[in-house]
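Chains as they are written, first to last, in our numbering: chain A, 30 to 185; chain B, 159 to 581.
So, in structure tokens, the structure goes:
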């Protein structure tokens with residue numbers, strides 16, 4: 030049983046869950062949204078700073094949640110810096126795929142940074158725990174809502 | 159009849175027969191299954207109880223042998239179905255010690271029952287400015303209908319706070335009671351913490367204050383103890399069949415007969431009318447006035463079997479068994495480093511809500527699940543209770559008449575694994 034669970038709760042996830050990176054509210058954030066998981070009460074605030082060209086120069090978050098949702102938010106903040114809005118959305122699409130499919134998608138609409146994908150791969154264990162996919166994607170849904178100018182988003 | 163509190167203090171040592179746990183477990187087919195290759199340990203009875211063979215058979219039997227619409231046909235099957243349906247009402251009346259089966263309204267569940275009371279009292283009895291008192295322990299189902307009534311009719315909603323151990327602040331309750339109070343709606347046993355509220359005392363104090371109606375949400379109480387609505391003095395009392403080892407989709411609302419008959423109908427339709435013309439309709443007396451449309455016939459047969467089942471086992475035996483499990487679970491869980499139990503009121507039912515320092519309830523829930531242990535992880539439809547303790551969620555292990563100490567041990571063993579994983 031523990032082996033299977035270690036697939037989900039890998040060291041990186043436990044580490045990011047306990048010590049989330051970019052866990053702060055930047056003063057210069059110009060996009061933000063509040064994400065809420067209706068089922069478990071997890072709550073995340075995502076803060077994005079975009080420059081004039083629409084490139085994400087900073088991404089941070091605050092909130093409460095399980096190891097999966099905090100680790101996912103933490104890892105997300107580490108992968109978004111330097112991406113355009115379009116690249117960030119494409120990365121979410123790919124991330125969502127890897128949380129729900131065993132096989133990689135045929136091709137990505139936008140070329141994705143292999144390093145970012147490798148970093149996110151660690152969360153792919155949730156595909157064997159369908160009820161936890163929402164935990165892994167809450168930060169990303171919230172990030173998308175921030176880009177869309179929505180202030181609140183909830184999942185269930 | 160004894161209240162739960164009295165029975166805990168003096169379980170009538172000679173008269174309590176012990177549960178034949180092996181037989182009881184054999185009655186529940188689902189307990190034989192495995193989850194992820196491990197025996198199911200079902201500790202989520204407060205959310206919904208599993209069903210014994212007797213309930214399953216009663217529901218199958220009515221569908222295979224007697225099913226037709228009730229109160230309609232002149233034919234034999236309709237008569238048989240009506241007898242089974244009304245038989246369920248009589249059993250529910252006896253279960254709660256109601257004066258008559260006319261005081262038993264079938265609803266979809268306790269949620270609908272509370273909505274019915276809030277709606278019909280809102281139309282008939284309550285005026286803008288009237289105060290309704292609820293408690294900090296309520297399930298969302300006993301909060302939201304009153305908030306909706308507040309927004310619709312301008313009633314004033316007051317909340318009895320709770321103390322740190324999860325019991326109600328009775329001093330504060332007394333202060334809230336006033337000449338403006340028209341209704342008290344309280345839980346009998348908290349679904350999230352297990353606290354048993356002193357409903358009999360609360361009702362007596364409300365009645366001493368004046369003409370105040372009291373609704374009791376007995377969802378968690380009826381599966382665990384003998385309830386006597388007349389001894390309590392409740393005006394309304396409700397429970398859901400699915401928490402009493404019966405089917406989902408049917409619940410019971412007890413209401414005093416003259417009170418029910420003084421209320422306007424809830425929904426309009428067939429079954430609830432005495433005559434209809436294109437100009438106007440007249441309505442039947444309670445309980446049928448509140449039962450528009452074809453009711454949950456098969457579910458009523460299941461409810462009747464569930465009532466027979468718990469009564470045959472004997473409430474004193476069920477209660478003694480569950481209190482034993484509660485005390486064992488509390489002791490075992492308390493020994494885990496970093497585990498905090500929420501709700502430590504002196505009068506408690508077999509529900510243990512807790513958190514672990516190192517792991518989030520949702521993560522604990524997933525790990526328990528993989529070990530075959532089913533618990534609830536979340537806010538338990540009682541977000542204000544969670545807010546009171548400043549947590550977003552807890553893990554809740556809730557016990558039913560089929561649980562064993564070995565299952566508590568299984569829970570504890572997995573929690574140690576959680577600690578191993580999360581440090």
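Built from N, CA and C at the ideal position, the CB exists for glycine as well.
Excluding the 5 residues flanking it on each side, residue 162 of chain A has same chain C-beta neighbours closer than 7 angstroms at 128, 129 and 155, in chain order. Within the segment 245-322 of chain B, the complete beta strand (DSSP E) runs of at least 3 residues fall at 262-265, 289-293 and 314-318. In this chain, residue 78 of chain A is not harboured by any alpha helix (DSSP H); it is covered by the beta strand (DSSP E) spanning 72-79. For the segment 507-527 of chain B, the set of residues with a beta-carbon nearer than 8 angstroms to any beta-carbon of chain A comprises 517, 518, 519, 520, 521, 524 and 525, in chain order. Minimum Cα-Cα distance from residue 110 of chain A among the listed residues A/88, A/124, A/54 and A/36 corresponds to A/88. The segment 441-449 of chain B makes no contact with the segment 491-499 of chain B: fewer than 3 CB pairs, one atom from each, lie closer than 8 angstroms.
Under a criterion of Cβ atoms nearer than 8 angstroms, the residues of chain B adjacent to residue 72 of chain A are, in order, 550. Note on residue 261 of chain B: 16 or more other CB atoms within 10 angstroms of its CB, so buried under the neighbour-count rule. At a Cβ-Cβ threshold of 8 angstroms, residue 462 of chain B and residue 256 of chain B do not count as neighbours.
For residue 103 of chain A, same chain residues with a beta-carbon under 6 angstroms away, outside a window of 5 residues either side, are 45, 49 and 50 in chain order. Considering only B/434, B/560 and B/466, the residue with the shortest C-alpha distance to residue 189 of chain B is B/560.
Between the segment 193-210 of chain B and the segment 401-411 of chain B, the count of Cβ pairs shorter than 8 angstroms is three or higher; the stretches touch. Taking one beta carbon from each stretch, the segment 61-71 of chain A and the segment 162-179 of chain A have 3 or more pairs nearer than 8 angstroms; the two touch. Restricted to the segment 185-220 of chain B, the alpha helix (DSSP H) segments that are unbroken, complete and at least 4 residues in length are 211-219, listed in chain order. CA-to-CA, the gap between residue 131 of chain A and residue 54 of chain A works out to about 35 angstroms.
The Cβ atoms of residue 91 of chain A and residue 550 of chain B do not sit closer than 8 angstroms to each other. Within chain A, 69 have C-beta atoms less than 8 angstroms from the C-beta of residue 535 of chain B, given in sequence order. Distance from the CA of residue 150 of chain A to the CA of residue 33 of chain A, rounded to the nearest whole angstrom, comes to 16 angstroms.
In terms of Cα proximity to residue 168 of chain A, the closest of A/159, A/181, A/113 and A/35 is A/181.
Interface annotation for the segment 78-106 of chain A against chain B: 93, 94, 95, 96, 97, 98 and 99, criterion Cβ-Cβ distance under 9 angstroms. In the structure shown, residue 424 of chain B adopts coil according to DSSP, grouped into three states.
Within chain A, the residues 31, 34, 35, 38 and 43 have their CB atoms less than 9 angstroms from the CB of residue 579 of chain B, given in chain order.
Only residues of its own chain outside the window of five on either side were considered, and among them 235, 238, 239 and 242 have a CB closer than 8 angstroms to the CB of residue 224 of chain B, listed in chain order. Against chain B, a Cβ distance below 9 angstroms from residue 158 of chain A picks out 524, 527 and 528. For residue 181 of chain B, the closest of B/191, B/503 and B/210 by C-alpha to C-alpha distance is B/210. With respect to the C-alpha of residue 384 of chain B, the residue from B/472, B/315, B/521 and B/273 having the closest C-alpha is B/472. Along the segment 45-60 of chain A, there is no position whose C-beta sits under 7 angstroms from a C-beta of chain B. Shortest Cα-Cα distance from residue 329 of chain B to any of B/356, B/351 and B/341 involves B/356. Contact between the segment 136-148 of chain A and the segment 111-128 of chain A is established, with three or more Cβ pairs separated by less than 8 angstroms.
Ranked by how close their Cα comes to the Cα of residue 525 of chain B, the residues B/555, B/576, B/477 and B/486 have B/576 in first place. Contact between residue 298 of chain B and residue 539 of chain B holds: their C-beta atoms lie close to 5 angstroms from each other, under 8 angstroms.
Distance from the CA of residue 164 of chain A to the CA of residue 39 of chain A, rounded to the nearest whole angstrom, comes to 15 angstroms.
By the criterion of a C-beta distance shorter than 6 angstroms, residue 324 of chain B is surrounded in its chain by 351, 353, 501 and 503, once the five residues flanking it on both sides are discounted. With fewer than 16 neighbouring CB atoms inside 10 Å of its own CB, residue 574 of chain B falls in the exposed class. Collapsing the DSSP output to three states places residue 65 of chain A in a strand.
With a threshold of 8 angstroms between beta carbons, residue 164 of chain A makes contact with chain B.
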